[in-house]
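*Asks:* Pasting in a structure now, in structure tokens, and then I'll have a few things to ask.
Number of protein chains: 2
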Amino acid sequence: MNASKNNKTENAALLICTVDVVLLTLREGELQVLLVKREREPFANALALPGGYVHPQDDQSCLDAAQRVLQSKTGLQSPYLEQLGSFSGPGRDPRGWSISVAYFALVPPEALPSPQAGCEWRAVEGLPTLPFDHASVLASAVERVRSKSQYSSLPAHFCSEPFTLPQLHAVYAAVMEESINAVSCRRKMEELDFLEAIEGAKSSGGAHRPAQLYRLKEAYRLRLKLAERGLNA
Amino acid sequence: MNASKNNKTENAALLICTVDVVLLTLREGELQVLLVKREREPFANALALPGGYVHPQDDQSCLDAAQRVLQSKTGLQSPYLEQLGSFSGPGRDPRGWSISVAYFALVPPEALPSPQAGCEWRAVEGLPTLPFDHASVLASAVERVRSKSQYSSLPAHFCSEPFTLPQLHAVYAAVMEESINAVSCRRKMEELDFLEAIEGAKSSGGAHRPAQLYRLKEAYRLRLKLAERGLNA
DNA sequence: TGAATAGTGTCTTTGAGACAATATTGC
DNA sequence: GCAATATTGTCTCAAAGACACTATTCA
């Protein structure tokens, strides 16, 4: 307790406050994360999660900062975005004691309007070493997404609208890396009641029965629908 | 983006970084939270969540800071403590743009060794207005605890060891504010497998059959055991 | 022995998985 | 009609709730 008399400036000046964003998508049947080549030190030229300082002058919250960071790297306006948690300590950033508020975002693979140069999608498994504690942040995000996918509409944010139930079913299975009973999945989607059928719209193309097209109900475009029981277990 | 060239000092000096702790217990059959009378401005003399500045000199992380704050207000050494999330923005603290990393802690009601003067247990429902955004922080903590209680060993941290299954059953019911099937509860505790029976130890006192005494398995004293399915729904 | 609560066995209900049956499309 | 996939109906199985029965203690 040798610092109990620190005043605001003394405390604040020693702290680096940033946001990091784990932007996930589903490509090639696997979870992929957007990494950005760092332009500046520390870790210049390394691939890292997109992140940046909080700008108290511009940002109304850390969520705002995360949206600003995401927008500047990818052009995304309003993907699904949720706070993951905060990571802090003296060792995670070589510049000194830092705190990062981490967010994760989900987008369909075709949703990137204008990614900045230096952005790359990478499979979340088998990545090379990431700078800072980004490996922990990413692992935490993946775990959260898999966990929430068990009992919520979260994976629907990997689908671009409109989509069919078979597509959604495949997305759930890919996210959770296990096969899912199609009938149960259908039943669960109906129970969750976060989809609305698009009247008269059917998928087309294959030499087979077309599937009904759906979109997210307005209320769940930026939020989730949570079930009380999971999909399978 | 008029602040894109801010350097570390310029950004950091404008930020207030604190931790807040939602310390919960179960007393009188309801969730209660520990509030502390603030000694200093802002909101001097108001009841608020215990909190304080992060001390980069002393703290190895925000979790450390939360433990330090909790220790200094209550003397608690190592209760169950989990990060709730971060709350930030220009308006939540009258001193300026601030970020608070919030934690919640669970203790049995008799666990406070030496609470500082000015600490009070209050029911989480029907509180008067709290300073800062502490009402949101508290609401968020209560929601998290109720939600996790559905499928984890979390409520066991409201029981002082050793405890009996009927006591634990009552605690689950009180936390979730609904009656719980005793047989299902028993089955779930067994399935979760986070308890160990204390050989030969039985509760005593009533004019009735005594109950087996249990304690948490070592591995779950500071962590949780999560189930795949919930207790009831 | 009786009251009171602990703990167990079993029937019923509900929801998930398996699988079969039907529907709709392009060829 | 045939192949292929969508969608629905039904059977089966596992887990949760209800409830009754047994167990153990003290008065």
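Line by line, the protein sequences give chains D and P. If you use numbering that gives the first Met the number 0, the first sequence corresponds to residues 0 to 232, in order. If you use numbering that gives the first Met the number 0, the second sequence corresponds to residues 0 to 232, in order. Each residue gets a CB set at the ideal place from its N, CA and C atoms; glycine is no exception. Predicted model only: the values in this text are computed from it and were never measured.
CA-CA distance, V100 (chain D) and P112 (chain D)?
*Replies:* C-alpha separation (whole angstroms): 25 Å.
*Asks:* Using only the alpha-carbon positions, how far apart do V53 (chain P) and V141 (chain P) sit?
*Replies:* Answer to the nearest angstrom: the Cα atoms are 24 Å apart.
*Asks:* The beta strand (DSSP E) that contains L137 (chain D), what's its start and end?
*Replies:* Run containing L137 (chain D): none in the beta strand (DSSP E); it sits in the alpha helix (DSSP H), H133 to S148.
*Asks:* Closest by CA to A104 (chain P), which one among P:R39, P:L34, P:G88 and P:D92?
*Replies:* For the residues P:R39, P:L34, P:G88 and P:D92, the minimum Cα distance to A104 (chain P) belongs to P:L34.
*Asks:* Find out if the Cβ-Cβ distance for the pair L164 (chain P), Y213 (chain P) is shorter than 9 Å.
*Replies:* Yes. Within cutoff.
*Asks:* Note down the Cα distance separating E40 (chain D) from D92 (chain D), rounded to an integer number of angstroms.
*Replies:* E40 (chain D) and D92 (chain D): Cα-Cα distance of roughly 11 Å.
*Asks:* Below 8 Å on C-beta distance, what does P55 (chain D) contact in chain P?
*Replies:* Near P55 (chain D) (Cβ distances below 8 Å), the residues of chain P are N10, L13, L14, P89, G95 and W96.
*Asks:* Can you name the residues of chain P whose CB is closer than 8 Å to the CB of S85 (chain D)?
*Replies:* The contacting residues are C61, Q82, G84, S85 and V100.
*Asks:* If you follow the alpha helix (DSSP H) that S71 (chain P) is part of, which residue opens it and which one closes it?
*Replies:* Unbroken alpha helix (DSSP H) run through S71 (chain P): C61 to T73.
*Asks:* Three or more C-beta pairs closer than 8 Å, one from the stretch 111-129 of chain P and one from the stretch 62-74 of chain D: is that the case here?
*Replies:* Judged by Cβ distances under 8 Å, the stretch 111-129 of chain P makes no contact with the stretch 62-74 of chain D, as fewer than three pairs qualify.
*Asks:* Any chance the stretch 204-223 of chain D sits against the stretch 147-163 of chain D, with 3 or more Cβ pairs inside 8 Å?
*Replies:* The stretch 204-223 of chain D vs the stretch 147-163 of chain D: in contact.
*Asks:* Could you tell me which residues DSSP puts in a beta bridge with V35 (chain P)?
*Replies:* For V35 (chain P), which the question treats as bridged, DSSP gives the partners P:A47 and P:C118.
*Asks:* Please check the pair V123 (chain P) and T24 (chain P), which I expect to be a contact at CB under 8 Å, by giving their CB distance rounded to whole angstroms.
*Replies:* About 10 Å; that fails the 8 Å criterion.
*Asks:* Quick check: what's the CA-CA separation for G199 (chain D) versus D19 (chain D)?
*Replies:* Going from the Cα of G199 (chain D) to the Cα of D19 (chain D) covers about 42 Å.
*Asks:* What residues match up with Y213 (chain P) in a beta bridge as DSSP calls it?
*Replies:* Beta-bridge pairing links Y213 (chain P) to P:F162 and P:A196.
*Asks:* Could you tell me the alpha carbon to alpha carbon distance between G28 (chain P) and A173 (chain P), rounded to whole angstroms?
*Replies:* So the two alpha carbons sit approximately 6 Å from each other.
*Asks:* Tell me the rounded alpha-carbon separation between A47 (chain P) and E119 (chain D).
*Replies:* Rounded to the nearest angstrom, the two C-alpha atoms are 45 Å apart.
*Asks:* Cα separation between P78 (chain P) and A134 (chain P)?
*Replies:* Taking the straight line joining both Cα atoms gives about 22 Å.
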